[in-house]
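First comes the structure, then the notes that go with it.
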Amino acid sequence: MEVVDLSVTGKTALNQRLHHLAHHPGEAHWRVLNPDGQHSLAVGLDAPITVEIAGHAGYYCAGMNKQATVIVEGNVGVGVAENMMSGTVHVRGDASQAAGATAHGGLLIIDGNASARCGISMKGINIVVKGSIGHMSAFMAQAGTLVVLGDAGDALGDSIYEARIYVRGQVQSQGADCIAKELRDEHRAELASLLSQAGVTGVAVDEFRRYGSARNLYSFHVDNASQY
Amino acid sequence: MCGIVGLFLKNKAMEPQFGPLLAEMLGVMTDRGPDSAGFAVYGEKAPGSWKMTVRHDHAASVAAALAQAIGAPVTVTARDSHSVLTLPETHQALAREWLAANCPEMTICGDGRSIELYKEIGLPAQVADRFGLRAMAGSHGIGHTRMATESAVTTAGAHPFSTGPDQCLVHNGSLSNHASLRRMLIREGMHFSTDNDSEVAAGYLTWKMAGGATLAQALEAALTDLDGFYTFVVGTETGFAVVRDPISCKPAVMAETDDLVAFASEYRALTGLPGIAGASIFEPEPARVYAWEHA
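Protein sequences, first through last, are from chains A and B. Whatever position you read off the first sequence (first residue = 1), add 10 for my numbering. Whatever position you read off the second sequence (first residue = 1), add 12 for my numbering.
What follows is the structure in structure tokens.
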């Protein structure tokens with residue numbers, strides 16, 4: 011295991027060493043000490059490695075991730091795993107706004123709460139939040155799955171396209187074109203798989219409600235003009 | 013962009029550490045606001061005495077004339093471009109009146125029983141050093157690092173803004189209806205010394221509190237009457253409060269321990285606080301007022 015102490019080594023040097031692994035396979039297990047909320051930690055990774063961040067991280071942690079597993083043993087700032095392509099990002103604490111924004115793939119697990127705009131414009135990522143999520147989550151979500159064990163804030167799934175949202179708690183309000191939908195067996199199977207991947211046990215899939223797009227805002231229709 | 017910080021000590025024994033802690037927080041927020049910086053410290057208060065933090069090139073001679081005019085002692089503590097005039101509370105209204113008439117070029121940054129308020133153009137660490145923040149004790153206080161968007165980079169345009177006794181405010185964001193609010197508040201008898209939108213927010217809260225609202229009630233009202241993006245951290249003689257707009261455009265993170273409550277735009281600014289490893293760390297919710305009061 012490689013240990014990098016950010017009170018000694020700069021984060022650019024850390025990221026460069028991790029980027030090097032994309033073309034020159036090497037150490038598969040990294041541990042980052044004293045992150046102290048610094049931004050852009052472990053961004054742009056493209057190798058099947060595990061990076062543990064021993065504390066709180068700042069903005070855009072594990073952004074653009076491919077293949078790697080990034081574990082944050084604390085909270086993260088805005089935009090964790092934004093634009094992730096594949097791999098896993100696991101936040102043991104809370105996430106700030108725009109967690110998993112625009113991400114195309116991979117799995118984002120948040121053990122605590124995520125604040126506003128979780129999964130905004132998500133394009134294929136799977137997100138499991140064990141706590142609650144803030145307002146405007148899954149805004150303009152296009153593909154992927156957002157699973158929330160707690161509650162969802164205002165305007166959930168506003169202007170949603172094809173992503174699927176599962177919420178176990180209360181939804182404060184649904185955004186434009188976001189509706190509750192029937193939970194069918196294919197959804198139960200998907201949910202069970204994601205809960206298992208996120209290490210959630212003792213929660214029945216039937217405790218969740220499914221939300222998705224009513225598909226009324228897809229194409230311009232003059233009667234919907236006020237909703238765009 | 014702008015960076016804001018706030019620190020409220022619950023543990024009185026930590027008050028001598030206040031200055032170094034706030035200076036550290038302010039310095040870390042340089043990336044968010046390198047244009048100018050400022051801070052307000054609620055420090056020691058002597059019973060019956062009133063502190064005015066002023067900006068003037070010859071504050072000492074003005075103070076001497078002031079003392080003579082109001083017939084009361086006025087002591088001067090100079091700190092770089094600012095000075096703190098200390099005088100009997102019973103004479104503060106008279107002093108303000110005399111200064112307005114006889115020394116209109118003197119800027120009163122803030123006044124009250126406890127508050128001292130300093131701001132300048134320049135990097136936050138330099139501003140903190142110029143005023144000797146690290147040597148200051150305090151029970152609570154707020155700070156700001158500015159990246160100007162709505163008005164010019166000037167000393168007067170830097171935060172915090174103080175529009176009432178022992179009151180101050182720092183703002184990250186921009187208000188959309190500050191012009192109409194300013195007109196309304198001027199009609200109500202408020203005075204503003206800059207074109208800054210944040211000063212209007214401070215004035216609004218002063219106006220509400222002058223009407224009998226508590227700090228928390230004034231902030232609740234602000235959620236309805238203020239339009240735009242804002243995260244505010246506000247101080248009063250005994251209180252400290254935080255509120256974010258309903259969309260939460262601007263970042264905020266808080267930490268609370270048995271000894272303190274701290275606010276910052278980013279977690280990075282909190283890492284030097286004692287007990288941070290075991291602190292409860294949370295993001296303030298949109299449109300919710302968080303307030304703390306000293307007993």
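A virtual CB, placed ideally from N, CA and C, is assigned to each residue, including glycine.
Runs of 3 residues minimum, wholly inside the segment 22 to 93 of chain A: which ones carry the beta strand (DSSP E) assignment? 39 to 43, 60 to 64 and 79 to 82
Which residues mark the beginning and the end of the alpha helix (DSSP H) in which Lys220/B is found? Asp209 to Ala222
With a threshold of 16 other CB atoms inside 10 Å of the CB of Arg67/B, please say whether the residue is buried or exposed. buried
Counting Cβ pairs, one atom from each stretch, are 3 or more of them under 8 Å apart for the segment 39 to 50 of chain B and the segment 130 to 147 of chain B? yes
Tell me whether Ala226/A is buried or exposed, calling it buried when 16 or more other Cβ atoms sit within 10 Å of its Cβ. Looking at the sequence shown, residue 226/A is not Ala but Asn. By the neighbour-count rule (16 or more Cβ atoms within 10 Å), Asn226/A is not buried but exposed.
Expected contact under 8 Å - CB spacing of Phe51/B and Pro172/B to nearest Å: 7 Å
Using the beta-carbon count (16 or more within 10 Å), is Val61/A buried or exposed? buried
For Gly54/A, which option in Ala208/A, Gly73/A and Val42/A has the closest C-alpha, if you only look at C-alpha atoms? Gly73/A
Taking just the CA atoms, how far does Trp110/B sit from Leu145/B? 30 Å
Determine the chain A residues that contact Arg44/B at a beta-carbon separation under 8 Å, and present them in chain order. Here the premise fails: no neighbours, minimum Cβ distance about 11 Å.
Would you verify that the beta carbon of Glu278/B is, or is not, closer than 9 Å to some beta carbon of chain A? yes
Alpha carbon to alpha carbon, how far is Leu235/B from Asp164/A? 17 Å
Are the CB atoms of Val13/A and Leu24/A within a distance shorter than 9 Å? no
Run through the segment 132 to 179 of chain B for me and flag every whole alpha helix (DSSP H) of 4 or more residues, listed as ranges in chain order. 136 to 142
Spell out whether any CB of chain A is found under 9 Å from the CB atom of Val245/B. no
So does the segment 107 to 115 of chain A actually touch the segment 124 to 140 of chain A, counting three or more Cβ pairs closer than 8 Å? yes
Grab me the residues of Val80/A's own chain with a C-beta within less than 6 Å of its C-beta, minus the 5 sequence neighbours each way, in chain order. Ala52, Val61, Ala72 and Val99
Pop quiz: Gly87/A and His49/A are said to be a contact at Cβ under 8 Å. What is the actual Cβ separation, rounded to whole angstroms? 7 Å
If we define contact as Cβ-Cβ less than 9 Å, is Val88/A a contact residue for chain B? yes
Cβ neighbours of Ala38/A in the same chain (closer than 6 Å, five flanking residues each side left out): Ile59
Using a beta-carbon distance below 9 Å, is Ser6/A in contact with chain B? Lying before the first or after the last residue shown, residue 6/A is absent from chain A, which here runs from 11 to 238.
Which stretch, first to last residue, makes up the alpha helix (DSSP H) that contains Met41/B? Premise fails: Met41/B is in no alpha helix (DSSP H) and is neither H nor E.
Considering only residues of the segment 61 to 93 of chain B, which uninterrupted beta strand (DSSP E) runs meet the minimum length of 3 residues and lie entirely inside it, listed in chain order? 61 to 67 and 87 to 91
Count the other C-beta atoms from every protein chain shown that fall within 10 angstroms of the C-beta of Glu117/B, then say buried if there are 16 or more, exposed otherwise. exposed
Enclosing alpha helix (DSSP H) for Ser192/B [first to last residue]: His190 to Arg199
Here's the rule I'm using: 16 or more other beta-carbon atoms within 10 Å means buried, otherwise exposed. How should Gly223/B be labelled? exposed
Quick check on Gly36/A: buried or exposed, where buried means 16 or more other Cβ atoms within 10 Å of its Cβ? exposed
Alpha-carbon spacing of Ala307/B relative to Asp270/B, whole angstroms: 15 Å
Do Asp92/B and Val165/B have their C-beta atoms within less than 9 Å of each other? no
Going along the segment 79 to 107 of chain A in order, which residues come within less than 8 Å of chain B, judged by CB to CB distance? Asn85, Gly87, Val88, Gly103, Asp104, Ser106 and Gln107
Can you tell me which of the three DSSP states His306/B falls into? coil
Beta-carbon proximity of Gln179/B to Val96/B, cut-off 9 Å: no
Identify, in the order they occur along the chain, each residue of the same chain with its Cβ nearer than 6 Å to the Cβ of Ile137/A, setting aside the five sequence neighbours on each side. Gly110, Leu118, Gly129 and Leu156
DSSP on Ile288/B, reduced to helix/strand/coil? helix
Within the same chain, show all residues whose beta-carbon is closer than 7 Å to that of Ile288/B, passing over the 5 residues directly before and after it, in chain order. Ala267 and Leu282
Pull up the CB-CB distance for Gly55/B and Pro100/B, whole angstroms please, since I reckon it's below 8 Å. So it is not a contact: roughly 18 Å between Cβ atoms.
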